[in-house]
Amino acid sequence: MEQQTNKKALTLKTLTKSSVWDIQENDIFRLWEGAEKDAEVKDNARHYVDIIRSAFMIEEINSDSDLVKTKFEKLGYKVGQVKLDDNAKVTWAIKKRPIMRVTDLTYENIRHISATKLIEVLDRNFGGGWDSLSQSIKDIIESGFDISTTTLPKDRLHKKGGMYEKKVEDGFEVLEVAKGTWIEAIFAKAKPESEKPRMKFASSSMDDEDDDADVEIEDNYNKPDEDDIEISDPDDDDITEENYSTMMDLGSGDADEEAENISEYGDE
C-alpha cells in the first residue's frame with residue numbers, strides 16, 4: 024500500500040534516476056504535462072530530461088508525418104508531445120531502455136528487476152560462470168540480490184536434501200552453468216529493502232546524560248568472521264564424498280552440500 028501511495032505521489036520534480044525505472048512511457052508524458060506550468064521545471068528542463076534519459080531512449084520527431092510516427096511505434100516507442108518552453112511543443116518518441124546484458128545493470132536499476140529477470144540476463148551473458156563477471160558488475164548485482172554459488176558433479180547437484188533443493192525452497196532463483204561433467208549453480212534472491220540499522224548511545228557528557236546520539240552501525244554483512252577457516256584445494260586422490268564443501272554454507276555439517284569452485288577436477 025505504501026509503495027502504491029508513493030508511486031501515485033510521484034511528480035516530475037521528485038523523479039530520480041532510481042525511481043524513473045518504476046514508470047513507463049505513458050507516465051513520462053503524463054508527468055511532463057502535469058508540470059508544464061511549473062516555472063522551476065521550465066528553467067531546469069535539461070535536468071529532468073537527463074533523468075528520463077537514464078532509463079528511456081528519447082527520439083525527437085521533427086516531422087508531422089504519420090508514417091514516421093508509425094515507424095517508431097512499430098519499434099516499441101510511445102509517441103507524444105511535451106512542452107519544453109513557452110514557445111512550442113515538441114514530439115517525442117520514448118522507449119524504456121531494455122536490460123538485456125550484464126553491462127546494462129546499474130546501481131539505479133538493479134532493485135527494479137526481479138530475480139527471474141536477473142537470471143535471464145546472466146544466462147544470456149554467461150560462459151565462464153560467476154567468476155567470469157567483473158568485480159564492478161558483481162558489486163552492482165550483490166547490492167540488490169543475495170548471491171551464492173556451488174559447483175558439483177552433474178549427478179550430485181540435484182541430490183535430495185542438498186543445497187540446491189534447500190535454496191529453491193527458500194525462494195532462490197537458480198542458473199545452471201555447465202562445466203564439463205560438473206555444473207555451477209548460481210542462486211539469486213532479491214534482498215529486502217531496509218534502512219541500515221541505527222542505535223542510540225548515551226552521550227559521554229556528564230551534563231548531557233539524557234541526550235542521545237544517533238550512530239550508524241557499520242554494515243559487516245559481507246565481511247568474513249574472524250574464526251573462518253581457510254580451506255586449501257584438495258589433491259585428486261584426496262577428494263571423497265565426505266570432503267565436499269559448498270560456498271556460502273561452510274560449517275553446516277551436511278556432507279551432502281558439496282564442493283565449491285573446484286571445477287578443475289571436472290575435466291580430469
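Take our numbering: the final residue in the sequence shown is number 291, and no numbers are missing along the way.
Ideal placement from N, C-alpha and C gives every residue a C-beta, glycine not left out.
From a predicted model like this one, the values you see are computed outputs, not experimental measurements.
Within 9 Å, strictly: CB atoms of residue i and residue j
| i | j | result |
| --- | --- | --- |
| Ala-116 | Ile-81 | yes |
| Ser-86 | Lys-40 | no |
| Thr-139 | Glu-196 | yes |
| Lys-212 | Gly-194 | yes |
| Lys-106 | Glu-63 | no |
| Lys-65 | Asp-109 | yes |
Rounded straight-line distance, which links the Cα of residue j to that of residue i
| i | j | result |
| --- | --- | --- |
| Lys-60 | Asn-67 | 13 Å |
| Asp-169 | Gln-104 | 42 Å |
| Val-91 | Tyr-100 | 12 Å |
| Glu-192 | Ile-209 | 15 Å |
| Lys-118 | Asp-73 | 14 Å |
| Lys-202 | Thr-172 | 13 Å |
| Asn-131 | Leu-33 | The question names Asn, but residue 131 in the sequence shown is Glu. Taking the straight line from one Cα to the other gives about 17 Å. |
| Glu-283 | Trp-153 | Summary for Glu-283: the model assigns pLDDT 46, below 50, so the residue's position carries little reliability; its value from the coordinates is reported in the next sentence. Each residue's alpha carbon lies about 12 Å from the other. |
| Asp-162 | Leu-98 | 33 Å |
| Val-43 | Ile-51 | 9 Å |
| Ser-88 | Ala-58 | 27 Å |
| Arg-69 | Leu-54 | 15 Å |
| Gly-167 | Ile-75 | 22 Å |
| Lys-189 | Lys-214 | 18 Å |
| Gly-151 | Ala-111 | 53 Å |
| Asp-251 | Glu-216 | With a pLDDT of 43 at Asp-251, under the threshold of 50, the predicted position of this residue should be treated as unreliable, though the coordinate-derived value follows. Their backbone Cα atoms lie some 28 Å apart in a straight line. |
Anticipated Cβ contact below 8 Å, residue i with residue j, distance rounded
| i | j | result |
| --- | --- | --- |
| Val-113 | Glu-83 | 6 Å |
| Ile-206 | Leu-175 | 6 Å |
| Leu-180 | Ile-164 | With a Cβ gap of about 22 Å, Leu-180 and Ile-164 do not count as contacting. |
| Arg-327 | Phe-79 | Given that the chain is displayed from residue 24 to residue 291, the structure contains no residue 327 and the question cannot be resolved. |
| Thr-204 | Lys-177 | 6 Å |
8 Å CB neighbourhood of residue i in its chain, flanking five on each side removed
| i | result |
| --- | --- |
| Arg-124 | Val-144, Arg-147, Asn-148 |
| Ile-122 | Leu-128, Asn-132, Ile-136, Lys-140, Val-144 |
| Gln-158 | none |
Nonlocal neighbours in the same chain, by C-beta distance under 7 Å from residue i, ignoring five residues either side
| i | result |
| --- | --- |
| Glu-96 | Val-102 |
| Asn-49 | Lys-101 |
| Gln-47 | Lys-119 |
6 Å Cβ shell around residue i - same chain, five flanking residues per side excluded
| i | result |
| --- | --- |
| Lys-36 | none |
| Tyr-71 | Leu-35 |
| Leu-38 | Ile-74 |
| Lys-94 | none |
Any non-hydrogen atom of the ligand GDP closer than 8 Å to residue i Cβ
| i | result |
| --- | --- |
| Lys-40 | The ligand GDP is not part of this structure, which contains no ligands at all. |
Worksheet item: Along the chain, which unbroken stretches of the alpha helix (DSSP H) at least 4 residues long are found entirely within the segment 72-114?
Response: 89-97
Worksheet entry | Continuous alpha helix (DSSP H) assignments of at least 4 residues falling wholly in the segment 182-222 | 186-192
Worksheet item: Which parts of the segment 120-189 are runs of the alpha helix (DSSP H), unbroken and 4 residues or longer, counting only runs that do not cross its ends?
Response: 138-148, 158-167, 177-180
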